[in-house]
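Under our numbering, read the sequence shown as residues 6 to 626, first letter to last.
Don't be surprised by glycine CBs; every beta carbon is placed ideally from N, CA and C.
Take a look at the structure below.
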Amino acid sequence: MPSSISFFRKVQHQPSAMKILKYLLVYRRFLLIVLTPLLLLPLPLIIKTKEAECAYTLFVVAIFWLTEALPLAVSALLPAFMFPLFGIMGSKEVASAYFKDFHLLLMGVICLATSIEKWNFHKRVALKMVMLVGVNPAWLTLGFMVSCGFLSMWLSNTSAAAMVMPIVEAVAQQITRAEAEADMLEMSCSNGSTNLALELDENIGQSENSDWKEKRKQVNGYDNDMGSTVCTIEKENEKEKEQQNLPPAETGRKSREDKHSGIFKVMCLCIAYSATIGGLTTITGTSTNLIFAEHFNTRYPGCQCINFGSWFVFSIPIAVVILLLCWVWLQWLFLGFDFKNMFKCGKKRTAREEASAKVIQDEYKKLGPMSYPEIVTFVLFILMTLLWFTRDPGFFPGWSSLFPKYKGYATDSTTALVIGLLFFVIPAKTLTKTSNGESTAFGYTPLITWKEFQSCMPWEIAILVGGGFALADGCEVSKLSAWVANKLTPLGSLPLWLVILISCLIVTSVTEVASNPATITIFLPILSPLAEAIHVNPLFILIPATLCTSFAFLLPVANPANAIVFSYGHLTVMDMVKAGLGINIIGVAVVMLAIMTWIVPLFDLYTYPSWAPNISNVTGL
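As structure tokens, then:
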């Protein structure tokens, strides 16, 4: 009897326990926001030093960034009131850290990106590049990767993926449809059918229905047509028997259907990964590069070696090698790499290749000739790039030498703002002549408007970066960075390549679960003192870590570009994990090769520079 009573009590208490668990899950973010500051509060209360108070602020902000319990921009505002309350920095000093040269550069670049997106110039570039490469599936994939990577050099990774992915989807669907038609025609001929057109139409309809059912199964994760396990087993046995008795044409069609799935996966993943890889090549390509440049120039104002030109010179080989190896890896993983068919010249196009070429050509024809706004955008884009490269290239006097009295005053943001301002000035329409020869004037409208600019401006990233700069300043003022550097000094006994590799692996792992800007903002103030403590050129550690922060390839949630591609329903999480793990290994290996070889002479990395401080022993905490 007592046992039965206890049983009933457990049953009665089970719903309440489940309710509590449910409430905890629902309010987990709220609990994290409340409990994190409370649990860390003993740090500043027990160790009453400025270093401990700054560390408390740093830990709270870092946890909120990693968990995204609060929006990233909101978490970035915490130092604005915590530092003044702890007496680390005055409110005016903290506020000045939230708007730097970085923000002006970002605004100029977004003006260009807004105009490119508004006038569809990105679509023209992507389609033209693919047309130049050809329609062989492997080369077609490479063409999409190159075009998406090129767009990502100047636009955000998210925008580049969102622009190119609809074109890829249309091409992939047309490939499948064309091969289905060819398969049905081949089967009709082999069966001796007399009415080929009628049978082809029916079979195409059946093929499209089966494709749609298969797509639904992939999205929903189960098959709606199967009601029970017994039924499933029976159908599988029937399928196996049918496949054994299939004619050669039908067997070939089945294998090609499996290959279609691989084509969709390769094309989707190539867009997600190339959008990230392309952003490595320019300082403005990703927010992580911009954050690094501003942090480095602020911490080491005596060094003028990091600019648009120098970054491009060392990063373009890295991006090219990673892009090519990524292409090879994806081809081998999902389709197999057939060198014989890829490089066979003069080969007749298959139905798939003809379908691909037709879709791409039709899409390009829809754009028509280049419009006046597209031409102006292209000219301003070329002008901005040339001014960036020629400001202070190093191997010849740049245009900044025309102002010798104001050396160092003009930066890349100066160029970006000048060109960006022109997008608000140059009219979007020209005068047109009527049949009488008179000019007709339209209402004056610039290439972009402020409302359009605002819709493209990533204000969250701007505030996030400002919060990172405020944290970095607080660490310097409170001497926390010097204390960390002193504690990291024993790492100098390790081989330099091992220190770099460990930092790259840590950053690559964290960036899979945290946003890229948050990751680099957390690690830059840690890695800079580390380099100074072991008496190594800071660029030796900061450049690889910055590049590796972009290697968020494993999960759909790790990167917005990954999420966009995953939303099309052609990929599973395991597909992305399997492919992304290989790309992560390739990326870290190429970056390690670069930092130990061709980047060394560019910045004289084996010499400890005069612009880096000499760290002395610091006591504290």
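Under 8 Å, with one C-beta from each stretch per pair, do the stretch 316 to 328 and the stretch 277 to 288 reach the 3-pair mark?
yes
Separation of ILE511 from ALA165, as counted between CA atoms
27 Å
Mind reading off the beta-carbon distance from ILE276 to PHE149? Whole number of angstroms is fine, and I expect it under 8 Å.
6 Å
Neighbourhood of SER21 by C-beta distance below 7 Å, restricted to the same chain and skipping five residues each side:
none
At the level of alpha carbons, what is the spacing between ILE86 and SER96?
Here residue 86 turns out to be Phe, not Ile, going by the sequence shown. If you take the alpha carbons of PHE86 and SER96, they lie about 7 Å apart.
Which value, in whole angstroms, describes the spacing of the CA atoms of LEU132 and MET168?
11 Å
Assuming THR551 and PHE297 form a contact by the criterion Cβ under 8 Å, report the distance between their Cβ atoms to the nearest whole angstrom.
4 Å
Based on Cα-Cα distance, which residue from LEU340, LEU117, PRO409 and LEU544 lies nearest to LEU422?
LEU117
Could you work out which residue in ALA568, ILE380 and CYS331 is closest to ALA143 when comparing CA atoms only?
CYS331
Backbone CA spacing between PHE408 and SER315 [nearest angstrom]:
21 Å
DSSP three-state label for PRO378, please.
helix
Classify ASP230: buried if its beta carbon has 16 or more other beta carbons within 10 angstroms, exposed otherwise.
Note on ASP230: pLDDT 38, under 50, position unreliable in the model; the coordinate value appears next. The residue in question, ASP230, is exposed, as its Cβ has fewer than 16 Cβ neighbours within 10 Å.
Give the secondary structure of PRO451 by DSSP, where H, G and I count as helix, E and B as strand, and everything else as coil.
strand
Assuming LEU111 contacts ALA467 (C-beta within less than 8 Å), just tell me the rounded distance between them.
6 Å
What residues are listed by DSSP as bridge partners for PRO432?
PRO451
Decide if HIS127 is buried, meaning its Cβ has at least 16 other Cβ atoms within 10 Å, or exposed.
buried
If I measure Cβ to Cβ from ALA607 and keep anything under 6 Å in the same chain, skipping five residues before and after, which residues do I get?
What sits at residue 607 in the sequence shown is Leu, not Ala. The answer, listed in chain order, is PHE319.
Considering ARG34, what are the terminal residues of the alpha helix (DSSP H) in which it resides?
33 to 45
Can you tell me whether VAL79 sits near the ligand GDP, meaning its C-beta is under 7 Å from at least one heavy atom of the ligand?
The ligand GDP is not part of the structure shown, which contains no ligands of any sort.
Separation of ILE115 from GLY425, as counted between CA atoms
8 Å
Since I believe GLY473 is in contact with THR526 (beta carbons under 8 Å), could you give me their beta-carbon distance rounded to a whole number of angstroms?
3 Å
Going by C-alpha distance, which of ALA599, TYR611, GLY574 and LEU44 is nearest GLU174?
GLY574
Quick check on HIS575: does DSSP put it in helix, strand or coil?
coil
Taking just the CA atoms, how far does ALA617 sit from ASN542?
8 Å
Buried or exposed (CB count within 10 angstroms, at least 16 for buried), VAL130
buried
DSSP three-state call for GLN249: helix, strand or coil?
With a pLDDT of 49 at GLN249, under the threshold of 50, the modelled position of that residue is not reliable, and no figure is offered here.
Assuming SER483 and LYS55 make a contact with CB atoms under 8 Å, what is their CB distance in whole Å?
4 Å
Count the other CB atoms, across all protein chains shown, that sit within 10 Å of the CB of GLU243; report buried if there are 16 or more and exposed otherwise.
Per-residue confidence for GLU243 stands at a pLDDT of 43, beneath the threshold of 50, marking its modelled position as unreliable; no derived number is given.
Just checking my contact of ASN491 with ASN162 at CB under 8 Å: how many whole Å lie between their CB atoms?
Not confirmed; about 38 Å, so no contact.
Which whole-angstrom value is the C-beta distance of TYR613 and VAL605, which I expect to be below 8 Å?
TYR613 to VAL605, Cβ: 14 Å. No contact.
Contact between the stretch 36 to 51 and the stretch 487 to 501: three or more CB pairs below 8 Å?
no
Per DSSP, what kind of secondary structure is ILE424 in: helix, strand or coil?
helix
Tell me which residues share the same chain as LEU37 and place their Cβ nearer than 7 Å to its Cβ, disregarding the 5 neighbours each side in the sequence.
THR72 and ALA74
Helix, strand or coil: how does DSSP classify LEU29 here?
helix
Helix, strand or coil: which one does DSSP assign to ALA585?
Here residue 585 is Gly; the residue named in the question, Ala, does not match the sequence. Three-state DSSP puts GLY585 in a helix.
With a threshold of 16 other CB atoms inside 10 Å of the CB of THR234, please say whether the residue is buried or exposed.
Model confidence at THR234 stands at a pLDDT of 33, short of 50, so the residue's coordinates are unreliable; what they give is reported in the following sentence. Exposed.
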